[in-house]
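Chains as they are written, first to last, in the numbering used here: chain A, 1209 to 1297; chain B, 555 to 913. All C-beta atoms, glycine included, are put in the ideal place defined by N, C-alpha and C. Note that this is a predicted model, so its numbers are computed, not measured.
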Amino acid sequence: MCLSIPARVDEIEGNSAICTVGNSSYKASLELLTPEEVQVGDYVLIHTGFAIQKLDEVDAMETLKTFNDFKTLNEQMDQEEKDNNTHLI
Amino acid sequence: MKYIDEYRDKGLVRLFAEEIKKISTKHVKLMEVCGGHTMSIQKFGIPDLLPSTVELISGPGCPVCVTSRGYIDQAIAYCRLADVIIATYGDLIRVPGSTSSLEKERALGADIRIVYSVLDALIIARENRSKKVVFLGIGFETTAPGSAAAIIKASMAGLRNFYVYSAHKVMPPAMEALIDEGVQINGYLGPGHVSTITGEKIYYDIPKKYGLGVVISGFEPVDVMQSILMLVQQIESNQPKVEIQYTRVVKPEGNIKAQQMLEEVFEPRDDWWRGLGVLKDSGLKIRENYQAHDAEKMIEVVVEKTIEPKGCICGLILKGIKKPKDCKLFGTVCTPSDPVGSCMVSNEGSCAAFYMYNR
Ligand code: SF4
Chain A
1209 MCLSIPARVD
1219 EIEGNSAICT
1229 VGNSSYKASL
1239 ELLTPEEVQV
1249 GDYVLIHTGF
1259 AIQKLDEVDA
1269 METLKTFNDF
1279 KTLNEQMDQE
1289 EKDNNTHLI
Chain B
555 MKYIDEYRDK
565 GLVRLFAEEI
575 KKISTKHVKL
585 MEVCGGHTMS
595 IQKFGIPDLL
605 PSTVELISGP
615 GCPVCVTSRG
625 YIDQAIAYCR
635 LADVIIATYG
645 DLIRVPGSTS
655 SLEKERALGA
665 DIRIVYSVLD
675 ALIIARENRS
685 KKVVFLGIGF
695 ETTAPGSAAA
705 IIKASMAGLR
715 NFYVYSAHKV
725 MPPAMEALID
735 EGVQINGYLG
745 PGHVSTITGE
755 KIYYDIPKKY
765 GLGVVISGFE
775 PVDVMQSILM
785 LVQQIESNQP
795 KVEIQYTRVV
805 KPEGNIKAQQ
815 MLEEVFEPRD
825 DWWRGLGVLK
835 DSGLKIRENY
845 QAHDAEKMIE
855 VVVEKTIEPK
865 GCICGLILKG
875 IKKPKDCKLF
885 GTVCTPSDPV
895 GSCMVSNEGS
905 CAAFYMYNR
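Encoded structure:
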């Protein structure tokens, strides 16, 4: 019941939206968000039939970038360790 | 799928695991208080990835689990009235009451309908004007705004046969009560979707009063691992605070419109939690302005005496003191298909999640 899923908004009709998750389509009420907030193409989090928040694309990209930097840094360190036959940490 | 797959990256999960291992020196117990976390932690096998210094415990985060047997008994009493239709989330239907369950009552002919959303209950009310439609409102701050929205709609539309029987609850009193009781907790994984609505301010007292950190976490394995790392960092550097890991969804201020709707329709009241007893201002009661839609006020019933199940230790499990496998009934007498206690019913319950992923 507490599960909530990120869904893409495909259509908006008044106070509700048709959204897609994977291959399935859901109807979600937009009543808990302010109308100007949501546009077609946005991702929203759906909980028991209500969109409860719009996902922050910029933030999500930034987090992913941080993850990737973290991964790259780790790989670089692994490589350095291998090259010099030392332990950095 | 966007916003999901990238947070299930195995390499990243492993990296976070290494990082946690590297910095963790103190033995800590971290508690999650959200059924969604209970499930994903078991599903993705997260405990096995952590060093022996970091232990995860589940708290009272599954709404079905903390709801009293008396509530189920009263719902059963409503469903036995000839002019009542019960509309409920599927999770509640198999929860054992003192002598029956909604599922059993349905087999006996009661009109009980499983809905995915409270909005479906509104539709049922509209289509069945001669009946009273009682929606069983359970859940925390994530779910309660939906009930509030439905009550406002029913009130505006003059849909007088729509009622909510509220067992809605709010999370912070339970988080504080656990610490007050002396349960050993060194930090909280904050409930991501409750916080989506409330924002971070509801947790400010926890570092301030108790010196414990709260990291509001998402639900994918990478989210959970990163949140654990953040908590361990806080603990190792002795800087407890409220932080948001799940920033793609949770805004510091939360969802203000949903908060306003909650405030409009509900007021706080003392409420009973399995394992914790009655906690001050931990429940949500429908305000007088909307009492025409409050089942407790408007529909009179006689409720049978509550009988708690013998041998079930759900209460202790919800406090993180015991684990499902400590229960003698686990997996033998009590299984998801024939649950004794409420923790074995919803797949967010500790016993059910452990049964599903770990046997
Ligand atoms: S296994 Fe069943 S009886 Fe035991 S604590 Fe869990 S729900 Fe209760």
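- With distances taken between CA atoms, S606 (chain B) lies nearest to B:T579 out of B:T579, B:C616 and B:V618.
- In chain order, V688, L690 and A849 place their CB closer than 6 Å to the CB of Y719 (chain B), counting only its own chain and leaving out the 5 sequence neighbours on each side.
- Closest option to L584 (chain B), judged by alpha-carbon separation, among B:I640, B:I739 and B:S891: B:I739.
- The secondary-structure analysis by DSSP pairs C1227 (chain A) across a beta bridge with A:V1217 and A:Y1234.
- Scanning the stretch 659 to 740 of chain B for uninterrupted alpha helix (DSSP H) segments of 4 residues or longer gives 672 to 681, 698 to 711 and 726 to 734, listed from N- to C-terminal end.
- Between the stretch 660 to 673 of chain B and the stretch 635 to 644 of chain B there are three or more inter-stretch CB-CB distances shorter than 8 Å, so the stretches are counted as touching.
- Setting aside the 5 residues that flank it on each side, S749 (chain B) is surrounded in the same chain by I770 and V804, each with a C-beta closer than 6 Å to its C-beta; the list follows chain order.
- Per DSSP, reduced to three states, the secondary structure at C619 (chain B) is helical.
- Non-local C-beta neighbours of A702 (chain B) in its own chain, meaning closer than 6 Å and more than five positions away in sequence, comprise M815, L816 and V819, ordered along the chain.
- Shown in chain order are the members of the stretch 802 to 834 of chain B whose Cβ falls below 8 Å from a Cβ of chain A: R802, V803, V804, K805, N809, K811, A812 and M815.
- Bridge partners of H1255 (chain A) according to DSSP: A:F1258.
- When secondary structure is reduced to three states using DSSP, R568 (chain B) falls in the helix class.
- Between the alpha carbons of K763 (chain B) and G874 (chain B) lies a distance of about 21 Å.
- Using a 10 angstroms sphere on the CB of P1243 (chain A), the tally of other CB atoms stays under 16, which defines it as exposed.
- When the beta-carbon positions are compared, L833 (chain B) and H722 (chain B) stay at least 8 Å from each other.
- Taken from the Cβ of G1222 (chain A), every heavy atom of the ligand SF4 lies 7 Å or farther away.
- When C-alpha distances from A731 (chain B) are compared across B:H581, B:H747, B:L872 and B:V887, the shortest belongs to B:L872.
- T886 (chain B) carries a coil assignment under DSSP once its states are collapsed to helix, strand and coil.
- Distances from the CA of V582 (chain B) to each of B:R568, B:I867 and B:L610 were compared; the closest alpha carbon is that of B:L610.
- Contact annotation: the stretch 850 to 870 of chain B does not touch the stretch 596 to 603 of chain B, with fewer than three C-beta pairs closer than 8 Å.
- Given a length threshold of 3 residues, each whole run of the beta strand (DSSP E) inside the stretch 829 to 853 of chain B is given here in chain order: 831 to 840.
- When Cβ-Cβ separations below 8 Å define contact, L1240 (chain A) makes contact with chain B.
- Within 7 Å of the C-beta of M898 (chain B) there is at least one heavy atom belonging to the ligand SF4.
- Against chain B, the CB of D1291 (chain A) has no partner CB under 8 Å away; the residue lies outside that interface.
- E862 (chain B): not part of any beta strand (DSSP E); DSSP gives it neither H nor E.
- Taken through DSSP and simplified to helix, strand or coil, R648 (chain B) comes out as coil.
- In this chain, the alpha helix (DSSP H) harbouring P775 (chain B) covers P775 to E790.
- The beta carbon of Y909 (chain B) sits closer than 8 Å to the beta carbons of P878, F884, G885, T889, P890 and M898 from its chain, once the five residues preceding and following it are set aside; these are given in chain order.
- Within the same chain, I867 and L870 come within 6 Å of K876 (chain B) by CB-CB distance, once the 5 residues on both sides are set aside.
- Boundaries of the alpha helix (DSSP H) around D759 (chain B): D759 to Y764.
- K811 (chain B) sits in a helix when the DSSP states are folded into three classes.
- One finds nothing in chain A with a Cβ atom closer than 9 Å to the Cβ of S606 (chain B); even the nearest lies about 20 Å away.
- The beta carbon of L646 (chain B) sits no closer than 7 Å to any heavy atom of the ligand SF4.
- Note that the C-beta distance between G1230 (chain A) and S671 (chain B) is not below 8 Å.
- Taking L673 (chain B) as reference, the option from B:V649, B:A704 and B:G644 with the minimal CA-CA separation is B:A704.
- Counting along the chain, I558 (chain B) sits inside no alpha helix (DSSP H), nor does DSSP assign it H or E at all.
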